[in-house]
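Report on the structure given below.
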Amino acid sequence: MPETHQIRIRTYRHGLGDCFLLTVVDASESAGGLLGDVHVLIDCGVLLGTDDARRKMNDVVADIVQTTNGRIDVVVATHEHWDHISGFNQAREQWESSGLNIGAIWMAWTEDLDDPLANRLRQDREERRRALAPAYGFWDRQLAAIPNTPGSFETERLQQTRGLLEFFGEDHSIGLNEGEAVGRRTTADAMEYLRQRPEPHRYLRPGQLLALPGADPIRVYVLGPPRNEKWLKKERPSTRTPETYHLSGGAMSLADSFFSAVGHHDPAGTAHLEQRPSELLYPFDEAHQRAEPPVATDDVTEWFINHYRLAATWRNIDTDWLRSTTDFALKLDSDTNNTSLVLAFEIGDGGPVLLFPGDAQVGNWLSWQHVTWPEAGQTTAEDLLKRTVFYKVAHHGSHNATLEELGLELMDGPALTAMVPVDRATADKQRWAMPFEPLWTRLNERADGRVLRSDETPARDHPIRCGYTRAGTTVSIGHEPAVRSDFYIDISIDVTC
Amino acid sequence: MKNEQSYRLVDGRQQQRPPWRRLRGYAFDPILSTSVATAMVNQVVFRVAWEDGPETGNPRSVPDQHQTVNGPAPSGLLTRGPIGEYLEVIDYDPASGVFYEPVDLNAPLLLAQDGLQPAEGNPQFHQQMVYAVAMTTIEHFERALGRLALWAPVALDNNGQPVDGPVETDQLRFVQRLRVYPHGLRNANAFYSPTKNALLFGYFPAPERTATTTSDGHFPGGWVFTCLSHDIIAHETTHALLHGMFPRYTNSYHPDTLAFHEAFADLVALFQHFTFPDVLRNQIARTRGDLSSQNLLGELAQQFGQATGQHGALRSAIGKWTKSSNGTTTWEPREPDPDELGRTLDPHGRGAILVAAVFDAFIAVYSARIADLVRIASSGTGILPAGELHPDLVNRLAAEAANTAEQVLRICIRALDYCPPVDLTFGDYLRAIITADSDLVPTDDSNFRIAFIEAFRRRGIYPENVRTMSVDSLRWPLRQSMDDQGQIEDISTTLEQILGPLRNHNSTRAQYFDRVKEARSTLPAELYDSISQPIQNALRGALLLHPSTYLPDLKQSPDGHHFSVEDVRLADRIGPDGVTRVHHAVVVITQTRQVDIGPDDNDPQIDLDPILHGRRFEFVGGATLIFDLDTYELRYAITKSVYDDARLQRQLQLERRGGADFGVRSAYRQQPFPDEPFALLHQETLDDLPGGMQLNA
Chain A
0 MPETHQIRIR TYRHGLGDCF LLTVVDASES AGGLLGDVHV LIDCGVLLGT
50 DDARRKMNDV VADIVQTTNG RIDVVVATHE HWDHISGFNQ AREQWESSGL
100 NIGAIWMAWT EDLDDPLANR LRQDREERRR ALAPAYGFWD RQLAAIPNTP
150 GSFETERLQQ TRGLLEFFGE DHSIGLNEGE AVGRRTTADA MEYLRQRPEP
200 HRYLRPGQLL ALPGADPIRV YVLGPPRNEK WLKKERPSTR TPETYHLSGG
250 AMSLADSFFS AVGHHDPAGT AHLEQRPSEL LYPFDEAHQR AEPPVATDDV
300 TEWFINHYRL AATWRNIDTD WLRSTTDFAL KLDSDTNNTS LVLAFEIGDG
350 GPVLLFPGDA QVGNWLSWQH VTWPEAGQTT AEDLLKRTVF YKVAHHGSHN
400 ATLEELGLEL MDGPALTAMV PVDRATADKQ RWAMPFEPLW TRLNERADGR
450 VLRSDETPAR DHPIRCGYTR AGTTVSIGHE PAVRSDFYID ISIDVTC
Chain B
0 MKNEQSYRLV DGRQQQRPPW RRLRGYAFDP ILSTSVATAM VNQVVFRVAW
50 EDGPETGNPR SVPDQHQTVN GPAPSGLLTR GPIGEYLEVI DYDPASGVFY
100 EPVDLNAPLL LAQDGLQPAE GNPQFHQQMV YAVAMTTIEH FERALGRLAL
150 WAPVALDNNG QPVDGPVETD QLRFVQRLRV YPHGLRNANA FYSPTKNALL
200 FGYFPAPERT ATTTSDGHFP GGWVFTCLSH DIIAHETTHA LLHGMFPRYT
250 NSYHPDTLAF HEAFADLVAL FQHFTFPDVL RNQIARTRGD LSSQNLLGEL
300 AQQFGQATGQ HGALRSAIGK WTKSSNGTTT WEPREPDPDE LGRTLDPHGR
350 GAILVAAVFD AFIAVYSARI ADLVRIASSG TGILPAGELH PDLVNRLAAE
400 AANTAEQVLR ICIRALDYCP PVDLTFGDYL RAIITADSDL VPTDDSNFRI
450 AFIEAFRRRG IYPENVRTMS VDSLRWPLRQ SMDDQGQIED ISTTLEQILG
500 PLRNHNSTRA QYFDRVKEAR STLPAELYDS ISQPIQNALR GALLLHPSTY
550 LPDLKQSPDG HHFSVEDVRL ADRIGPDGVT RVHHAVVVIT QTRQVDIGPD
600 DNDPQIDLDP ILHGRRFEFV GGATLIFDLD TYELRYAITK SVYDDARLQR
650 QLQLERRGGA DFGVRSAYRQ QPFPDEPFAL LHQETLDDLP GGMQLNA
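These protein sequence lines map, in sequence, to chains A and B.
Note that numbering that gives the first Met the number 0 gives residue 73 to position 74 of the first sequence, counting from 1, and the numbers run on in steps of one.
Note that numbering that gives the first Met the number 0 gives residue 298 to position 299 of the second sequence, counting from 1, and the numbers run on in steps of one.
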């Protein structure tokens, strides 16, 4: 007797950010079933700076509560970025209300406070984040002090850096370095809130295979984040071997030497950094260093003032070195993306797969090739990708978060459908290419045009309808006409096996 | 560079000037001085064109209009910094908040011992090193082109600040010197900044361990200085020289153009290795004359490469080190792959293909030239016996290598005069090489031209619209058969009048600049009269200067013409046969159309970003016109037509998709920074850096 499973994937359309509600409709419901639907919430956030973000996130959470009748079986938080978890801060009251019942909380192993490697990585990222804020602040003030054309290279880089830091929930537009200063909650607070909730937690590692409680035919494969630091720190393919070392301890690193220099100019902002002996801070002996006095004290200082400070000042380079701040911010951003929890939901043994990779970047994707699931026999990441019928496009469709050969090119199933959670207007404001044009084009080719964007209402005359029958399994996928199409997009997947 | 032969002492006696200033430095970079195998050859003495110090020379007065740009240093003297005719080294280290005392290369103690001894811990030596290498690079450039080098001019407003927005020709100021900051950045980076007309060199701590490198010369916390790398200095200086000639190449819509900037900078650095005799002999002996096997000459930036976590040099024209699964590193030659070009879009990767092609051409000529020597040394078998080569043979091979390398470098530089003003492709460059060399060297006895064509073909580099890959087809078409030679004579006379005095060796670069500027304002009217309809017909629509042919969106300059003259250059060279003379005026013309960016008719699937609707896009075309000043002929017109619809559509397509970003580090951003194209580009190399420094793709 064939069994039919109905799954609905709801994509909220609240802005640039991820919030997905996956519902396994109770098959017996129509016959007065008792078990009810099973709901999995995957991320709940929107980019910092989104207009009216608090109201939007509260509306989203209210809809979740209503749709689930206050019972979410699993809450998944993929990684510590504002656009994925801000809703746990902004709609905290709703999360706290007694009417809400959560079955379990799933996070990546990188969020586990009992895992020494996770703690070390998190501490490393935290130190880097804390070092970045004063560097950004110092740079901002320095640039403000010299005439600079808006839209110039310098200003652009500064703004870009601010956008990156905002992923951590830090608002630099109001001139304050740390969110804590005004009692605002940061991404770390959101993660900590989830950790402290009373429900059972699972910190997932690649290779684990989980049953979805109450929805037997569905098994969840954990693909990432990798346990290997080499992959975690990789954001794009390269043949070179990366090496790792840290801001604290051992010899001085590039980051160390840079942030120490920031501290030299702005001691207050870097008080938390360990003091370093001067040979690690300065490239030359003290005897060679000449400070710049306000007025010339000898012919050497006079030479310097006349040739640098007073002549052709458009050629001065007082702030150019601070542009490195952007590089460190980018690196930190990518490293955080790579800690994304990557889940593949398999419907029935050997059946179609729904892929939720968070914002995994290249290293995370590459590591999947090395994952095995002892409980699932011979299944490989390649199998799962080949069977993917729904792909939540990673990192809002950016250029470095969907792997080509070992990613999208493997997703060759006949019913592939993709969803890009993005808001083009916001991305444009930040000057991010999201979705990245070549990726968008290729996605459309692979999915035969079945690619949706959360910021675009699917055209009525262009409905998504597809399906296939293979080895006794029939899959059909469709875009469900949603009641509140401006608020979410529903995609339904029926699987008969 | 010119050098007056003598000067007068105070007592009236004539005294010979030294031809060179001898300055010690590293042939490569400090890392090779940490190994016994290479330390001996790594220290070299650069022979830099002599510049008078205050003791022997007379300062020239600096016209007022040049003052705001060029600072207070007297013109015509080498003073502390060093600050000379071409360069001003200002050693400010903003990250450390200090500056370093400027070196005085005229100090008797330094004159007596070829400058300061190489030392990583002495900032004054760093200043000497950048000065010596940058001056050497400039000199190679000038010698090959046969004229003085000019830096890109700057447009300043009345307050001495750079003009923001459209620039008028008369706002352009002469930039006497390229500014050099040896310690301007605290990062593993170095770049040429077109907006500041400056080279910024970074320094950074060496990583804790570089276990993957074969010869690890770092210790934890030791500093790596990019301003001590011959290759990095030569590379960045070349960017500046190239930008002085082709300011539009940095803002390009063809992936080859920025890649060419990178490749050309690498080529100059590479071929300068062959000017160090000890290094050359050492490497010839080590490779037993086979320069296509792994050797220092064909590799770039050893220390930087290793300190940024790579297995060897930063880049190589001949091969690469890879680590196999069992942990050993092996070197593999870089075999030609005609499909590689199609797969590679980032400027460094793409440029590396061009570098490899030119190096292949060098190897081909060198191998042919030493074949007889090898036969003599191997009793006619051509197979050298095992063991070390005889030192005499090493010397002879080294001489052939040095001579061939010098010719290849000159061919590469001279070709610049035959390049179009915008959107240079590698194929165009090959045609420029073939044409330039054919003009100056009528009989190609060493088969340089064949070697270039073959090497480019094997790397998949083909020009567009060429019937065959032969010398005849590749040479830019000659434009001799013009009907209107009388008119051409007029313009040639004008050009001769303007440019002729520049052949006077007493004219300064500032005078040269002023003449070019004058030509830029007077020539449009002359060209308008001279490039008459028949000539335009002969150019088959590639260059249309006359009213009947204007498109409505063609931009008009303030003087009423629909084109502008961007540069005028004099090329006056004698070929190696001592007879053939190239006596040309190169006139660079551009035309600009302001095109509305609309949706793509061919690809309506791609929806146009609303912010692009109605925005204007500047589509630039133009021509490099080469006039023969002896025969009064328009010899070549190397055009990128502003009427070329295919080219326009390609650029519009890129613009619609968010701008031409060929892998310049973008941080998900949509458009590159045309004002600082190299600042990010050169960090591309920092992929996989240790220390949490890895950058975004």
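Note that CB positions come from ideal geometry on N, CA and C, so glycine has one too.
All figures in this text were calculated on a predicted structure; none of them were measured in a lab.
Between residue i and the rest of its own chain, which residues show a CB-CB distance below 7 Å, the 5 nearest in sequence each way excluded?
i, result
"residue 395 of chain B", "372"
Helix, strand or coil, according to DSSP, for residue i in the structure here?
i, result
"residue 476 of chain A", "strand"
"residue 250 of chain A", "Caution is warranted here: a pLDDT of 49 is assigned to residue 250 of chain A, below 50, making its placement in the model unreliable, and no coordinate value can be reported."
"residue 283 of chain A", "coil"
"residue 468 of chain B", "coil"
"residue 523 of chain B", "helix"
"residue 195 of chain B", "coil"
"residue 288 of chain A", "strand"
"residue 555 of chain B", "coil"
"residue 411 of chain B", "helix"
"residue 596 of chain B", "coil"
"residue 42 of chain A", "strand"
"residue 72 of chain A", "strand"
"residue 147 of chain B", "coil"
"residue 154 of chain B", "strand"
For residue i, which residues of its own chain have a beta-carbon under 6 Å away from its beta-carbon, when the five flanking residues on both sides are left out?
i, result
"residue 106 of chain A", "76 and 202"
"residue 16 of chain A", "44, 45, 46 and 82"
"residue 32 of chain B", "38 and 41"
"residue 154 of chain B", "162, 166, 170 and 171"
Which chain B residues sit within Cβ distance under 7 Å of residue i?
i, result
"residue 281 of chain A", "95"
"residue 256 of chain A", "185, 203 and 204"
"residue 303 of chain A", "98"
"residue 264 of chain A", "96"
"residue 260 of chain A", "94, 95 and 185"
Apart from the five residues on each side of it in sequence, which residues of its chain come closer than 8 Å, Cβ to Cβ, to residue i?
i, result
"residue 108 of chain A", "114, 117, 202, 203, 204, 224 and 226"
"residue 12 of chain A", "453, 454, 485, 486, 487 and 488"
"residue 370 of chain B", "381"
"residue 55 of chain A", "13, 14, 45 and 49"
"residue 43 of chain B", "23, 24, 25, 26, 275, 277 and 278"
Using a C-beta to C-beta distance shorter than 9 Å, which residues of chain A count as neighbours of residue i?
i, result
"residue 721 of chain B", "Here chain B covers residues 0 to 696 and nothing more, so residue 721 of chain B does not appear."
"residue 199 of chain B", "316, 319 and 320"
"residue 260 of chain B", "Ordered by position in chain A, no residue passes the 9 Å Cβ test against residue 260 of chain B, which lies about 17 Å from the chain."
"residue 650 of chain B", "What residue 650 of chain B touches in chain A: nothing, since even the nearest Cβ is about 15 Å away."
For residue i, is the classification buried or exposed, using 16 other Cβ atoms within 10 angstroms of its Cβ as the cut-off for buried?
i, result
"residue 399 of chain A", "buried"
"residue 204 of chain B", "buried"
"residue 111 of chain B", "exposed"
"residue 14 of chain B", "exposed"
Which residues in chain B sit within 8 Å of residue i, going by Cβ to Cβ distance?
i, result
"residue 307 of chain A", "89, 91 and 98"
"residue 290 of chain A", "96 and 97"
Could you work out which residues of chain A lie near residue i, taking near to mean beta carbons separated by less than 7 Å?
i, result
"residue 122 of chain B", "283 and 287"
"residue 101 of chain B", "302"
Across the stretch 17-33 of chain B and the stretch 103-117 of chain B, are there enough close Cβ pairs to call them in contact, namely three or more that are closer than 8 Å?
A contact exists between the stretch 17-33 of chain B and the stretch 103-117 of chain B.
For the stretch 353-368 of chain A and the stretch 392-408 of chain A, state whether three or more C-beta atom pairs, one from each stretch, are separated by less than 8 Å.
With three or more CB-CB distances shorter than 8 Å, the stretch 353-368 of chain A counts as touching the stretch 392-408 of chain A.
With a cut-off of 8 Å, do at least 3 Cβ pairs link the stretch 215-226 of chain A to the stretch 154-171 of chain A?
No: the two stretches stay apart, fewer than three of their Cβ pairs being nearer than 8 Å.
If we count Cβ pairs, one from each stretch, closer than 8 Å, do we get three or more for the stretch 616-634 of chain B versus the stretch 571-591 of chain B?
Yes, the stretch 616-634 of chain B touches the stretch 571-591 of chain B.
Do the stretch 228-248 of chain B and the stretch 126-143 of chain B touch if we need at least three Cβ pairs shorter than 8 Å?
Contact annotation: the stretch 228-248 of chain B touches the stretch 126-143 of chain B, with at least three C-beta pairs closer than 8 Å.
Should the stretch 180-192 of chain B be regarded as contacting the stretch 138-145 of chain B, the criterion being three or more beta carbon pairs within less than 8 Å?
Cβ pair count under 8 Å is below three, so no.
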